[in-house]
Amino acid sequence: MSHETQPVLFSGIQPSGHLTIGHYAGALRNWVRLQHEYDCLFCIVDLHAITVRQDPATFAERCLSFAAQYIAVGIDPQASTIFLQSHVPAHTELTWLLNCNAYVGELSRMTQFKAKTQGKTDKTIGVGLFDYPVLMAADILLYQTQLVPVGADQKQHLELTRDIAIRMNHHYGPLFTVPEGFFPEVGARIMSLQDPANKMSKSDPNANNYVALLDSPETMRKKIRRAVTDATPGITYEPDARPGVANLLNIYGAFTGESPAALAERYADKGNAALKHDLAEVIVEALQPFQQRYHDLMTNRDYLVALLRQGAQSAQQRALPTLRATYERMGFLPA
Ligand code: AQP
């Protein structure tokens, strides 16, 4: 199918911290699965990452590394557009127009904002952290996106995007496609290995809470071995009663395509140690070719830089009609 007849898919990840098996389960593997059915834009959302202060030198390197990881995981750069958000000024321009149609009340309700600002005072909370869901709405709406594959933690932000799109379409006439979310059945919310009540996050200061896609096999094995479970004998899939074990089964299912319940039956008479051993081997084996491809790509930085430039040019061209239409409908004089 040619891109002209395919529905548009947009998704992105912030280049902060280390990509983890949570991002693989909740986002990346679904991108790979969907890339040939949709006209895909995969963005490295670098402007989102600075809502938390980044070290400039590390940040630049990480952006390139994320591009290499997108490709290494299986995104075909010939079929999809891979680009850096900051290279396409239309994202920030549309954000301002949407900001003036978004409400403080609705942004204040975002649970991620509440979680990330817990224990902080207004004097130390950046405006960017508060406003970041509007930038996310601009990312999505600029491309007339139909499908947004994300993990469960982004559900509320996607709902806000839909609300803003509906509101703007109502006030100014049809401008934006109202996007749908794609949430995987298994792996939409992978939890921290040491604290399964919390989501696995790539900027977690405790590296034992996550398995990074680029961790060495020995580190992966060690982190899985140390994951918090419980003392109940045997394996069952009970997310509420046994969150640590359920998390391991969810990760296992995300890597093999099996359902966590079926896996629990297979391991019913075995213990946590056996489950952890096998899960670690599944992850190590699945990520070995990814890591090899990644290291090869990082030896060809010129290729990555050229690819990102080309992706940004194509994305900017595609974004402009929607941006211009929004200005025009809001009554701005044409430039
Ligand atoms: N633990 C997770 N399980 C499943 N999916 C996840 N995603 C993130 N964590 C998990 C999905 O990955 C995509 C990119 O996320 P993001 O980096 O743009 O934002 P985030 O959700 O704020 O990720 P982190 O890891 O928590 O970021 P940091 O720690 O750097 O602030 C999204 O589709 C998300 O759902």
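Just so we're aligned: the sequence shown equals residues 46 to 380 in our numbering.
For every residue, glycine included, the Cβ atom is placed at its ideal position computed from N, Cα and C.
Computed from a prediction, not measured in an experiment: that's the story for all the values here.
### Query
What are the residues that DSSP puts in a beta bridge with Cys-88?
Bridge partners of Cys-88: Gly-57 and Phe-128.
### Query
Counting Cβ pairs, one atom from each stretch, are 3 or more of them under 8 Å apart for the segment 62-75 and the segment 248-260?
Yes, they touch.
### Task
Confirm the yes/no value for this check: CB of Lys-321, any heavy atom of ligand 1, distance under 7 Å.
Because no heavy atom of ligand 1 lies under 7 Å away, the Cβ of Lys-321 does not count as near it: no.
### Task
Just tell me which of Gly-71, Ile-116 and Arg-207 has its CA closest to the CA of Leu-348.
Checking the displayed sequence, the identity of residue 348 turns out to be Tyr instead of Leu. Checked all of Gly-71, Ile-116 and Arg-207; the closest Cα to Tyr-348 is Ile-116.
### Message
Less than 8 Å between C-beta atoms, sequence neighbours within five positions excluded: which residues of the same chain meet that for Gln-189?
### Response
Cβ-Cβ distances below 8 Å link Gln-189 to Val-53, Phe-221, Thr-222 and Thr-367 in the same chain, with the five nearest sequence neighbours on each side left out; the list follows chain order.
#### Entry: C-beta contact flag for Pro-224 and Trp-76 at 8 Å
Not in contact: Pro-224 and Trp-76 (Cβ atoms no closer than 8 Å).
### Query
Between the C-alpha atoms of Leu-180 and Ile-235, what's the straight-line distance to the nearest angstrom?
Computed Cα separation, rounded: 25 Å.
### Query
What's the C-alpha gap between Gln-114 and Glu-330?
Using only the alpha carbons, I get a separation of about 17 Å.
### Task
Would you list the one or two residues that DSSP bridges to Pro-194?
According to DSSP, which records beta bridges pairwise, Pro-194 is partnered with Phe-227.
### Query
Can you give the beta carbon distance from Asp-184 to Val-97, rounded, assuming they're within the 8 Å contact cut?
The distance from the Cβ of Asp-184 to that of Val-97 is about 18 Å, inconsistent with a contact at the 8 Å cut-off.
### Same chain, Cβ closer than 7 Å to Pro-288, neighbours up to 5 away in sequence not counted
Closer than 7 Å at the Cβ level, and outside the excluded window around Pro-288, lie Met-236, Pro-241 and Ala-242.
### Query
Can you tell me whether Val-149 is buried or exposed, with buried defined as 16 or more other CB within 10 angstroms of its CB?
Result: exposed.
### Query
Mind checking Ser-246: buried by the 16 CB within 10 Å criterion, or exposed?
With 16 or more other CB atoms across the displayed protein chains lying within 10 angstroms of its CB, Ser-246 is buried.
### Query
How would you label Asp-249, buried or exposed, when you count the other beta carbons within 10 angstroms and need 16 or more for buried?
Counting C-beta atoms within 10 angstroms of its own C-beta, Asp-249 has 16 or more neighbours from the protein chains shown and is therefore classed as buried.
### Query
Just how far apart, CA to CA, sit Leu-353 and Lys-165?
One C-alpha to the other measures close to 36 Å.
### Message
Using C-beta distances below 6 Å, list every residue in its chain close to Thr-281, excluding the 5 sequence neighbours before and after it, in chain order.
### Response
Closer than 6 Å at the Cβ level, and outside the excluded window around Thr-281, lie Ala-309.
### Task
Go through its chain and collect everything with a Cβ distance to Ser-56's Cβ below 7 Å, but skip five positions before and after it.
Its chain contains Ala-72, Trp-76, Phe-87, Val-193, Pro-194 and Val-195 as the residues whose beta carbon lies nearer than 7 Å to that of Ser-56, once the 5 sequence neighbours on both sides are disregarded; these appear in chain order.
### N-terminal and C-terminal residue of the alpha helix (DSSP H) that Glu-303 is part of
Here Glu-303 belongs to no alpha helix (DSSP H), and DSSP marks it neither H nor E.
### Message
Just to confirm the assignment, what range does the alpha helix (DSSP H) spanning Cys-108 have?
### Response
Taken as a continuous stretch (DSSP letters only), the alpha helix (DSSP H) holding Cys-108 covers 101-118.
#### Entry: Sequence-distant residues of the same chain with beta carbon closer than 7 Å to Thr-162, five excluded per side
Closer than 7 Å at the Cβ level, and outside the excluded window around Thr-162, lie Ile-170 and Leu-174.
### Heavy atom of ligand 1 within 7 Å of Gly-232 beta-carbon
Relative to the non-hydrogen atoms of ligand 1, the Cβ of Gly-232 comes within a distance shorter than 7 Å of at least one.
### Query
Quick one: what does DSSP say Met-375 is sitting in, helix, strand or coil?
DSSP places Met-375 in helix when its eight states are reduced to three.
### Query
Is the distance from the Cβ of Ile-18 to the Cβ of Met-265 below 8 Å?
What the structure shows of the chain is the stretch from 46 to 380, and residue 18 is not part of that stretch, so it cannot be assessed.
### Task
Could you check which residue in Gln-59, Leu-205, Asp-84 and Ser-359 has the C-alpha nearest to that of Leu-92?
Sorting Gln-59, Leu-205, Asp-84 and Ser-359 by C-alpha distance to the C-alpha of Leu-92 places Gln-59 at the top.
### Query
Do Ala-147 and Ile-95 have their C-beta atoms closer together than 8 Å?
Going by C-beta atoms, Ala-147 is not nearer than 8 Å to Ile-95.
### Query
Is the Cβ-Cβ distance between Asn-144 and Asp-176 less than 8 Å?
Here Asn-144 is near Asp-176, since their CB atoms are less than 8 Å apart.
### Query
Would Pro-305 pass as a contact of Ala-291 if the rule is Cβ separation under 8 Å?
Contact flag set, yes.
### Query
Cα-Cα, which of Leu-324, Phe-227, Asn-345 and Ser-131 is closest to Gln-199?
Each of Leu-324, Phe-227, Asn-345 and Ser-131 was checked against the Cα of Gln-199, and the nearest Cα belongs to Phe-227.
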